[in-house]
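Participant:
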Amino acid sequence: MYQTVTIPKWIACRSYLVGTPESKTIIANNKVHKTILLDGPASDLYAFLCENDATSKENLEKYATEHGLSAEIDGFTEQLHALKMVGFDTDTEDNYVSAPLNYNQDAEEKSKGAIEDRMAKWAFGKGFLWSVFMELTYKCNLRCIHCYNPAFRGMEEISFEKAKEVIDDAVELGCFELTVSGGECTLDSDFIKIIEYARQKRLNVHIFTNGLSLYQNPNLLKKIVELYPYQVGISVYSANKHLHEKVTTVAGSWDKSVAVLEELKKYGVHSQVKTVQLNETVDTWRDTVELAKKYDTAIAIDVTLTPTIEGDKKTWSHLVNDEKLTELFSNPESPMYVGGWKEPPEIDVNRDGPCYAGSHTLCINPNLNVVGCVSLPLKFGSLKTQRLKDIWTDGQKNPESELYKWQHITLAAFKDCFKEDYCRFCHFCAGMGMLEDKLYAKSELLCKLAKMKMKVFYELKNKQTDKPYQAGICQMK
Ligand SMILES: C[S@@+](CC[C@H](N)C(=O)[O-])C[C@H]1O[C@@H](n2cnc3c(N)ncnc32)[C@H](O)[C@@H]1O
Ligand code: SF4
Ligand code: SF4
Numbered sequence: 004m005y006q007t008v009t010i011p012k013w014i015a016c017r018s019y020l021v022g023t024p025e026s027k028t029i030i031a032n033n034k035v036h037k038t039i040l041l042d043g044p045a046s047d048l049y050a051f052l053c054e055n056d057a058t059s060k061e062n063l064e065k066y067a068t069e070h071g072l073s074a075e076i077d078g079f080t081e082q083l084h085a086l087k088m089v090g091f092d093t094d095t096e097d098n099y100v101s102a103p104l105n106y107n108q109d110a111e112e113k114s115k116g117a118i119e120d121r122m123a124k125w126a127f128g129k130g131f132l133w134s135v136f137m138e139l140t141y142k143c144n145l146r147c148i149h150c151y152n153p154a155f156r157g158m159e160e161i162s163f164e165k166a167k168e169v170i171d172d173a174v175e176l177g178c179f180e181l182t183v184s185g186g187e188c189t190l191d192s193d194f195i196k197i198i199e200y201a202r203q204k205r206l207n208v209h210i211f212t213n214g215l216s217l218y219q220n221p222n223l224l225k226k227i228v229e230l231y232p233y234q235v236g237i238s239v240y241s242a243n244k245h246l247h248e249k250v251t252t253v254a255g256s257w258d259k260s261v262a263v264l265e266e267l268k269k270y271g272v273h274s275q276v277k278t279v280q281l282n283e284t285v286d287t288w289r290d291t292v293e294l295a296k297k298y299d300t301a302i303a304i305d306v307t308l309t310p311t312i313e314g315d316k317k318t319w320s321h322l323v324n325d326e327k328l329t330e331l332f333s334n335p336e337s338p339m340y341v342g343g344w345k346e347p348p349e350i351d352v353n354r355d356g357p358c359y360a361g362s363h364t365l366c367i368n369p370n371l372n373v374v375g376c377v378s379l380p381l382k383f384g385s386l387k388t389q390r391l392k393d394i395w396t397d398g399q400k401n402p403e404s405e406l407y408k409w410q411h412i413t414l415a416a417f418k419d420c421f422k423e424d425y426c427r428f429c430h431f432c433a434g435m436g437m438l439e440d441k442l443y444a445k446s447e448l449l450c451k452l453a454k455m456k457m458k459v460f461y462e463l464k465n466k467q468t469d470k471p472y473q474a475g476i477c478q479m480k
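Sequential numbering from 4 applies to the sequence shown in our numbering.
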């Protein structure tokens with residue numbers, strides 16, 4: 004029988020409204036890649052265990068008696084132990100190799116409507132800040148032809164001290180997810196210290212990287228593996244090395260990024276192939292999807308090229324051509340296939356808000372500006388003079404603050420949008436309109452994509468219903 008209960012190092016978790024009937028705890032097990040949600044007394048109990056790295060059986064029983072849970076306590080800890088969400092002192096040493104997350108399982112998890120998504124909405128409704136996105140630096144070891152980052156990339160980095168302050172504030176505000184990106188986040192001198200600290204605070208960490216530093220420094224990769232991030236996203240634009248390097252403009256970059264995918268698979272780390280498709284790479288989209296499958300990764304494929312953060316549309320010279328866009332939307336093997344969709348619902352512009360940027364999540368860039376997201380440079384404050392928690396709290400109660408105003412708008416604020424049939428097919432992003440023109444403007448590119456999706460959607464639908472009726476043929480002999 005165990006004497007001590009511990010929270011394993013692969014757990015990310017956050018508890019909310021502990022001690023109330025609404026108590027909730029989200030737990031991500033980044034070893035077996037499973038996320039669960041506890042409510043009520045079970046949530047309170049896990050929050051109690053999280054207060055210390057190790058809880059003695061005696062303390063646990065005392066807690067259980069005080070809360071009327073004595074009869075259930077052993078069953079509860081055993082259940083959590085089976086899910087590897089608590090450890091016992093009797094456990095034998097566990098090494099850091101995790102279970103691989105296979106591609107199809109991930110697709111299935113996603114379609115179930117992730118717990119995280121439901122929790123993000125719930126948390127925002129209760130006034131919590133669900134996630135933070137930090138661009139640690141604009142420095143980069145590649146020069147991708149489509150990159151939205153500023154033309155002049157300063158050498159600023161978010162220091163460990165500043166990141167620690169942000170993490171402390173974010174955790175106090177209820178934050179569960181932290182994404183680090185850039186530029187190339189691994190080039191921040193304090194990169195690994197920041198990840199270590201975030202994991203110490205049990206944040207669920209996502210890392211966006213091109214992977215080059217991890218290839219060059221296997222110890223860095225190993226440290227990341229041992230810190231159990233939720234996911235490491237690696238950008239690979241094509242399964243074809245030469246086409247990928249046409250985008251990154253650095254010879255040898257493909258081999259390195261793909262070698263890192265291989266290593267992540269070996270260690271069972273949940274990875275993602277991030278693959279925005281350009282005209283230069285789109286001919287190989289099928290092979291790129293296969294590459295993601297080969298390395299057991301999720302795939303994030305997109306064709307929406309944002310203008311640069313300064314609003315320069317030069318990135319659009321790489322947009323996928325219309326013929327290939329149609330193929331991506333109409334081919335059942337494409338992750339962007341629209342044929343399997345249900346009819347998109349009507350949009351209630353007076354009820355729905357624009358997106359998660361600035362509400363469920365805040366983004367901090369290397370200049371320490373607090374903005375909506377990488378593609379929504381709407382500034383809510385500056386960490387040079389303010390604390391994140393003060394910006395957020397002000398946004399919750401001061402109707403004059405930019406954050407408050409943003410969090411209280413609905414889609415009706417976008418006066419030129421949501422008037423056409425094709426708007427139901429729009430992957431709406433407030434930042435796109437802002438970067439292309441001005442805040443609340445509609446986006447030329449999103450309009451074009453929405454129209455194409457609608458056209459393909461109805462063509463595919465009509466083809467299905469045009470099929471002549473065929474009586475089934477009995478196969479039984
Ligand atoms: C800016 S990078 C930062 C992280 C890391 N350096 C990398 O490349 O993965 C994050 C992601 O944004 C994508 N990206 C860059 N410029 C873009 C643009 N103009 N439109 C859409 N996605 C873009 C990249 O391809 C990459 O997958
Ligand atoms: S997309 Fe990423 S790797 Fe490429 S230049 Fe931009 S920041 Fe660097
Ligand atoms: S960007 Fe275009 S397609 Fe999207 S909602 Fe606005 S008008 Fe409609």
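Yeah, the Cβ is synthetic: ideal placement off N, Cα and C, and Gly gets one too.
Please state whether DSSP places L438 in a helix, a strand or coil.
Facilitator: Here L438 sits in helix by DSSP.
Participant: Check Q234 in the structure and name its three-state DSSP category.
Facilitator: It is a strand residue.
Participant: Does the beta-carbon of K382 have 16 or more other beta-carbons within 10 angstroms, so that it is buried, or is it exposed?
Facilitator: Classification of K382: exposed, given that the 10 Å Cβ count is below 16.
Participant: Express the C-alpha separation of I161 and N2 in angstroms, rounding to a whole number.
Facilitator: Limits of the chain in this structure are 4 at one end and 480 at the other, which puts residue 2 out of reach.
Participant: State the start and end residues of the unbroken alpha helix (DSSP H) segment that holds H70.
Facilitator: Premise fails: H70 is in no alpha helix (DSSP H) and is neither H nor E.
Participant: Hey, is the segment 130–149 in contact with the segment 252–268, meaning 3+ C-beta pairs nearer than 8 Å?
Facilitator: Result yes; three or more Cβ-Cβ pairs closer than 8 Å.
Participant: Answer yes or no: the CB of L414 versus the heavy atoms of ligand 1, is any distance below 7 Å?
Facilitator: For ligand 1, not one heavy atom lies less than 7 Å from the Cβ of L414.
Participant: To the nearest angstrom, how far is it from the Cα of S406 to the Cα of P357?
Facilitator: Note on residue identity: the sequence assigns Leu, not Ser, to residue 406. C-alpha separation (whole angstroms): 14 Å.
Participant: Could you tell me the boundaries of the alpha helix (DSSP H) in which N212 lies?
Facilitator: The amino acid at residue 212 is misidentified as Asn; the sequence shows Thr. T212 -> not in any alpha helix (DSSP H); beta strand (DSSP E) instead, spanning N207 to T212.
Participant: Under the three-state reduction of DSSP, which class applies to E111: helix, strand or coil?
Facilitator: Caution is warranted here: a pLDDT of 44 is assigned to E111, below 50, making its placement in the model unreliable, and the coordinate value is therefore given only provisionally. Helix at E111.
Participant: Give the C-beta separation of Y141 and E159 to the nearest angstrom, bearing in mind that I take them to be a contact with Cβ-Cβ under 8 Å.
Facilitator: Rounded, the Cβ-Cβ distance is 7 Å, consistent with contact.
Participant: Closer than 7 Å: is that where the CB of K277 sits relative to any heavy atom of ligand 1?
Facilitator: Answer for K277: yes, Cβ within range of ligand 1.
Participant: Is P380 helix, strand or coil when you go by DSSP?
Facilitator: In this structure, P380 counts as strand in the three-state DSSP scheme.
Participant: Check whether the segment 366–382 touches the segment 426–439, counting contact only when three or more Cβ pairs, one atom from each stretch, lie closer than 8 Å.
Facilitator: With the cut-off at 8 Å, the segment 366–382 and the segment 426–439 touch.
Participant: If you scan the segment 224–284 from start to end, which runs of the beta strand (DSSP E) of 3 or more residues do you find wholly inside it?
Facilitator: Here the runs fully enclosed are 234–238 and 274–279.
Participant: For I350, list the residues DSSP reports as bridge partners.
Facilitator: Paired residue(s): none; I350 is not in a bridge.
Participant: Any heavy atom of ligand 1 inside 7 Å of the beta-carbon of G1?
Facilitator: Outside the shown range of the chain, which is 4 to 480, sits residue 1, and nothing can be said about it.
Participant: When DSSP builds the beta bridges, which residues end up paired with F163?
Facilitator: Answer by DSSP bridge pairing: none, since F163 is not bridged.
Participant: Could you tell me which uninterrupted alpha helix (DSSP H) segments, each at least 4 residues in length, are contained entirely in the segment 301–334, listed from first to last along the chain?
Facilitator: If we require 4 residues or more, the alpha helix (DSSP H) runs fully inside the segment 301–334 come out as 325–333.
Participant: Indicate the three-state DSSP secondary structure (helix, strand or coil) for L86 in the structure shown.
Facilitator: In the structure shown, L86 sits in coil (DSSP, three-state: anything other than H, G, I, E or B).
Participant: Apply the 10 Å Cβ neighbour rule to N207 and answer buried if 16 or more other Cβ atoms are within range, or exposed otherwise.
Facilitator: So N207 ends up on the buried side.
Participant: With a cut-off of 8 Å, do at least 3 Cβ pairs link the segment 440–460 to the segment 292–309?
Facilitator: Segments in contact, yes.
Participant: Could you tell me how far apart the beta carbons of W13 and K37 are, in whole angstroms, since I believe they sit closer than 8 Å?
Facilitator: Rounded, the Cβ-Cβ distance is 11 Å, inconsistent with contact.
Participant: If I follow the unbroken alpha helix (DSSP H) through L48, where does it start and stop?
Facilitator: Element bounds for L48: G43 to C53.
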